[in-house]
Amino acid sequence: MGVPPGRHILSSFFFIVLLSEVHFRWVEAQHCVWYGECGESEKVPGKKYNCNYTGPPIPLPSTGYDLLTELCPGYDYGNQSLCCDVDQLRTLKGSLQLPLQFLSRCPACFFNLMNLFCELTCSPHQSQFMNATKVNATNVKEVQYYVGQTFANAMYNACKDVQAPSSNVKALSLLCGKDAKDCNATNWIQYMFDINNGQTPFPIIPIFSDAPVSGYTPMNNNTYACTEGLEDGSGPCSCQDCTKACGPKPVPPPLPPPWTILGLDAMTVIMWLSYMAFLLIFMGAVLGTWCYRKRTIMSEYAPILDSNNPLSLNSDNPDQVNASCCETLGERFENAMRIVFSSWGSFCVRHPSVVVLGSLILVVASSGGLVYMRITTDPVELWSSPASQARQEKDYFDNHFGPFFRTVQLIITTPLNDTFIYSPYFGGSDVPFGAILSKDILHQVLDLQLDIEGLVATYEGQNVTLKDICLAPLSPYNDNCTILSVLNYFQNSHTELDHSIGDDFFVYADYHSHFLYCVSAPASLNDTTLLHDPCLGTFGGPVFPWLALGGYDETNYNNATALVITFPLNNYLKDPVRLGKALAWEKEFIKFMKNFQNPNLTIAFNAERSIEDEINRESNSDISTVVLSYAIMFIYISLALGHIHSLKRLMVDSKISLGIAGILIVLSSVASSLGIFSYVGIPLTLIVIEVIPFLVLAVGVDNIFIIVQTYQRDERLPQEELHQQIGRILGDVAPSMFLSSFSETVAFFLGALSNMPAVRTFSLFAGLAVFIDFLLQISCFVSLLGLDARRQEGNRPDILCCIKLPEGQETKTDSFLFRFFKKVYAPFILKEWVRPIIVAVFVGMLSFSIAVVNKVEIGLDQKLSMPDDSYVLDYFKNLSMYLHTGAPVYFVVEDGLNYSSTEDQNIVCGGVGCNNNSLVQQVYAASLISNYTTIAVTPSSWLDDYFDWVKPQSTCCRYYNTTGAFCNASVVNPGCVHCRPMTPSGKQRPEGEDFMHFLPMFLSDNPNVKCGKGGHAAYGTAVDLYPNNTGVGATYFMTYHTLLKESPDFIDALKMARTLADNITQSTNHKVFAYSVFYVFYEQYLTIAYDTAVNLSVSLGSIFVVTAVLLGFELWSAVVVTITIAMILINMIGVMWLWNISLNAVSLVNLVMSCGISVEFCSHIVRAFSISVKRNRVERAEEALAHMGSSVFSGITLTKFGGILILALSKSQIFQVFYFRMFLAMVLLGATHGLIFLPVLLSYIGPSVNKAKVFAANRRFAGTERERLLNY
């Protein structure tokens, strides 16, 4: 069947029309939309319109071949007939300098970007995807650019993760007109084609579609993913610049679960069960023993009463004793000490002038060292050992890069609660602004900032301004001070803050739009609004919003409720004159801020010197409290030493002058210790000055009371002279004093092995002071006691000893306290039913304390170191409330790496070709899990920025071809040539001599509009070059910690940074360490629990050894003393948990001191028990408690109690927490354990009587009416 003629003709017509349309479009595809440059742009000064041209592509002149190859590699269209000329290519290169510098580190990203612009500018197929919508006779004033959505998305995906190392932000934040998180494929391309970006001379309207639109076929060229390499050999983008190249995101390890049993704290359960088991066993044993004794009705020491038993005290033949070798040795050692001390005491009483004068000469000579006394207030010297890792790393950093700068900081809020809405003129959602960001408030803050900049201080007659001491990274080219302030977005200018573009009806751009742009692109030199103002600070560096704003949520900086202004000042550790100038200016700043008032502003402020100033002020304000505390103790000692028998003999029997002499001896021992170590050059600390007098007073006064009260209770033997009596008394009590003092001295000196300077210094001074005090007491004080005894016997009043009163009858009676201990207290606590209760209570306290040992918080809340009324407390409060970023942290690569070799470059850098486990990549990976690692942002990398800066495609690296000197990108001079050739090798990283030749240029280049990669501001101090620039030494890569508020946060940050640095060291096989300014203070807390355990264990061990020897080799007595002191220490830690006292150097010093004071509470009682010859343990314990208990109670407990209570009145929080609370716990626990628990413990498990000592006592007191011990 044939086709009808009409239909055939119709079909032929449509076919011809279709062919003609296709041919027409093909012909159209061969013509351009523009060619060449014509008139000046009306919208963007300095830019030109392209010339209207609809003819065919024109062959590119040969002069443009190299430029085309540089900008558009692979765009070789046969005869190179294009729709652009050489001028357009040059304009394209100039316009794309910033994208080149920031995006070329990811080759795929930059290739796709250049694809977009090369097709737009030069493609011979322009008319397929471009439509000139506004044209005049010669100029193209607006075009539509049809771009494939697939291409746009692919280009964005390849570029979205690219980093800008110097700014610690993503590159798109600088190139998209908004924060990278708000950027996407379409708004990025729209921004690049918008005339408001300052680079596009006329509107280019992108239309996105993958399908043909209105007869136009969108440009949809092939793209490269960031994980792909290019045909020219460029590798895939690095993990840092391409998330897809990283593999799975790192996942922080789960937190270890709490140790529990049946859902309850494991330590609590274990100690509860242990305590219950102990109670069952102990109570069972007590009941069993009681029943057994009821049946047998006999004493364990009954054989001693049997006069026929060779061990009996009533034995007629004392030589019949079978004492063991240790007992005999112990008795001989005891007897030798007694003889030595008796002879010495007798000598001191017979020759008081010689002894007192000799003591005075030695004290004056020793105290003379106080002339050389230095007090260390430098926190670094106080808390960090010179041999510690953090201190060595700090010294390394300071020596290679200069010390970390000093900081002066303000945190500004406003009581106004007004919020306002900003509605962008060019569309977009409304943006709420907080009251602190209102223009009026910003003007007031700027006035304050300018006033601070204008402050003038005086130092040694010279004026000191901020510019004399501030950090100016671009000096000498730019001497503007670094001021990290949001006002620097407006160049610290009221005029710039008021700058706006608009007409009578609308405001197109003002400070709102500029602020919103700058917080997303702080390193920008030209914002994208109509203002075209720079965001870069006047000092040449960016002001990151997380450093200048506070109180916002996530990254909504417009919601900020606080402004943070930071003035970094140069730190001159080794230049006292320049340091003095900085201190003088800071002092002037503090004075100014204290007097500053503005009802609309609430300001918390701090200077580098503030904390030290406030600690010194606190110390001065607490002098009155400390003096009152000591005065109360002195008054008590002076009055309590005397034993008044009657009102008539009040002045005769009082011992005020002797008490004052005893106090002066204590103070002399402290002064001698300080003087001797000052001779050696060991500096003092405030802890030494505040704590050691308290310690020595406790030890010294106790000994004074023991000597005096023993003398008061003693009766002179027939034919015995005064010097013999005091010598005999000293022979009895001096071994006990020697035991306690020597134990403490050894314990303290061993504590000096600590690597914590505060603990080491305290231990040295305390150990020597205690021993000197003992020596003065058994010499000078004994001589003075002899003189006082003669005065008393001569019936002369105290103080007014020249007057002789009428003879009166002297009746000798025991003191009330002694009678109370002897008749009431000792018998009561040693009753058979009371003792088990005491044991149960004290073991319960011990069990509780062990259960909470691991719960004591570690660290020192810096707020505690400030007085209650300090302005710094407000600063600390606002610091944790408003700030969002922590301290900077530097990953330091030590000297020895060869940066000129590709292999060594790859283990450090973060760009293309770098190792996936390089330093930069590992720190970047850590920043992805910042909640765990505390690393907040990607590190700045001088090496990666240097590679981008030196690329031949960039205008950054140029030099004068005549002199070889560096030529800045802003210089227009035909004699400036690129550093490296546009060859395949020239496009590679610099190596060998090339690397070192251009690196100094990079480090001296200031960033500008044409080159934002200059390294002077960002990296001027980050690279330590060898002399004559022959090589690279140590370098650092900086990032920031997350916000750290409490001590545990700082400790965790230090741990994590060190772990990361160790991992980098292992993977790079080169030493890398992390450094931040606070590490040197918090390193001690990494090991403080271990240090505490070691210090206290060593002290306990030394006490055990000394006690065992000086008690006559009675090991069991030493064990009992050690157990009791250990219980006191563990209970002290329990009190720390109950009273919220953290473990740190201050509390560790107090624990070491409590170890020493505990010896005083325990050793005298145990020695009295060991030499007692009563029938059984209970009676021996009762006798020891009666005689020594009253002296210990009056000598330490009552003396200290009044003084400690006064410390509660201190304004200083550190005094209230670490001194009042810990000293009170120390005395109460020491007294209760020494005077309650220890006698009971001795009554149960005290050492057996020493047979040799019993028989020696029988022989010594044969024929006298005296009791066997201290006139019982």
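Add 332 to the 1-based position in the sequence shown for my numbering, that's all there is to it.
Here a beta-carbon is modelled for each residue, glycine too, at the ideal position from N, C-alpha and C.
Since we're looking at a predicted model, the values are computed, not measured.
(message) So for Trp1274, helix, strand or coil by DSSP?
(response) helix
(request) Note the first and the last residue of the continuous alpha helix (DSSP H) segment covering Gly292. (result) Residue 292 is absent from the model: the chain starts at 333 and stops at 1604.
(message) What would DSSP say about Tyr1292, mapped onto helix, strand or coil?
(response) Looking at Tyr1292 - three-state DSSP - the assignment turns out to be strand.
(message) If you reduce the DSSP assignment to three classes, tell me which class Tyr277 lands in.
(response) With the chain represented from 333 up to 1604, any question about residue 277 goes unanswered, as that position is not in the structure.
(request) Please classify Thr395: does DSSP put it in a helix, a strand, or coil? (result) helix
(request) Return yes when the C-beta of Pro389 is under 7 angstroms from any heavy atom of the ligand GTP, and no when it is not. (result) In the structure shown, the ligand GTP is absent, as is every other ligand, since no ligand is present at all.
(message) Which complete alpha helix (DSSP H) runs does the region 991 to 1051 hold, if anything under 4 residues is left out?
(response) 1018 to 1045
(message) If contacts are defined as beta-carbon pairs under 8 angstroms, then Met1554 and Ile1473 qualify, I think. What distance do you get, rounded to the angstrom?
(response) Contact flag correct, Cβ pair sits at about 6 angstroms.
(message) Counting C-beta neighbours from all protein chains within 10 Å, is the total for Tyr1372 16 or more, i.e. buried, or is it exposed?
(response) buried
(message) Quick check on Arg422: does DSSP put it in helix, strand or coil?
(response) Reduced to three states, the DSSP call for Arg422 is helix.
(request) Output the boundary residues of the alpha helix (DSSP H) element that contains Lys771. (result) Segment 771 to 785, the alpha helix (DSSP H) holding Lys771.
(request) Can you check DSSP and say which residues form a bridge with Gln495? (result) Lys502
(request) Determine the closest residue to Ala464 out of Leu445, Tyr385, Asn529, Asp830, with distance taken between C-alpha atoms. (result) Of Leu445, Tyr385, Asn529, Asp830, the residue nearest in Cα terms is Tyr385.
(request) From the DSSP output, in three-state form, read off Asn471 for me. (result) Shown here, Asn471 sits in a strand according to DSSP, grouped into three states.
(message) Counting C-beta neighbours from all protein chains within 10 Å, is the total for Leu1029 16 or more, i.e. buried, or is it exposed?
(response) buried
(message) For Val1023 and Thr709, what's the separation of their Cα atoms in angstroms?
(response) In this structure, the CA atom of Val1023 is about 16 angstroms from the CA atom of Thr709.
(message) Pairs of beta-carbons, one from the region 893 to 901 and one from the region 1204 to 1216, closer than 8 angstroms: are there three or more?
(response) Contact holds: three or more Cβ-Cβ distances are below 8 angstroms.
(message) Can you check which of these residues, Gly1099, Ser1075, His844, is closest to Val763 by C-alpha distance?
(response) His844
(request) Give the single residue among Ser961, Thr957, Ile992, Val959 whose Cα lies nearest to the Cα of Ala972. (result) Ile992
(request) Quick one: give me the first and last residue of the alpha helix (DSSP H) that Ala1268 is part of. (result) Here Ala1268 belongs to no alpha helix (DSSP H), and DSSP marks it neither H nor E.
(request) Under 6 angstroms Cβ to Cβ from Phe346, same chain only, skipping five residues before and after it: list those, please. (result) Its pLDDT being 40, under 50, Phe346 is placed unreliably by the model, and the measurement read from it follows with that caveat. Closer than 6 angstroms at Cβ, skipping near neighbours: no residue.
(message) Assuming Asp1356 is part of the beta strand (DSSP E), what are its boundary residues?
(response) 1355 to 1357
(request) Please name the residue, chosen from Gly616, Leu428, Trp604, that lies closest to Gly530 on a Cα-to-Cα basis. (result) Of all alpha-carbon atoms in Gly616, Leu428, Trp604, the one lying nearest the alpha-carbon of Gly530 is that of Leu428.
(message) At the level of alpha carbons, what is the spacing between Tyr1417 and Glu946?
(response) Take the alpha-carbon of Tyr1417 and the one of Glu946: they are about 24 angstroms apart.
(message) Run through the DSSP bridge pairs and tell me what Ser413 is partnered with.
(response) Pro391
(message) Between Glu1076 and Gly1488, how many whole angstroms is the CB-CB distance? I'm expecting something under 8 angstroms.
(response) About 4 angstroms separates the two Cβ atoms, so the contact holds.
(message) Please classify Tyr1422 as buried or exposed, where buried requires at least 16 other C-beta atoms within 10 Å of its C-beta.
(response) exposed
(request) Indicate whether the contact test is met: 3 or more Cβ pairs, each with one atom in the region 775 to 791 and one in the region 1446 to 1455, closer than 8 angstroms. (result) no
(request) On a CA-only basis, which of Thr482, Thr518, Asp573 is nearest Asp542? Give me that one, please. (result) Thr482
(message) Among Leu612, Ala1183, Leu1054, whose alpha-carbon lies nearest the alpha-carbon of Asp1120?
(response) Leu1054
(request) Report the residue from Cys1289, Ser394, Ser1408, Glu1323 whose alpha carbon sits nearest the alpha carbon of Met1333. (result) Cys1289
(message) Per DSSP, what are the beta-bridge partners of Arg738 in this structure?
(response) Leu901
(request) Please state if the CB of Cys813 and the CB of Phe736 are separated by a distance shorter than 8 angstroms. (result) no
(message) Based on DSSP bridge pairs, tell me the residues matched to Asp885.
(response) The bridge partners DSSP lists for Asp885 are Asn888.
(request) Grab me the residues of Leu1205's own chain with a C-beta within less than 7 angstroms of its C-beta, minus the 5 sequence neighbours each way, in chain order. (result) Lys1195, Met1198
(request) Entirely within the region 1151 to 1191 and at least 4 residues each: give me those alpha helix (DSSP H) ranges in chain order. (result) Segments of the alpha helix (DSSP H) lying fully in the region 1151 to 1191: 1158 to 1161, 1166 to 1184.
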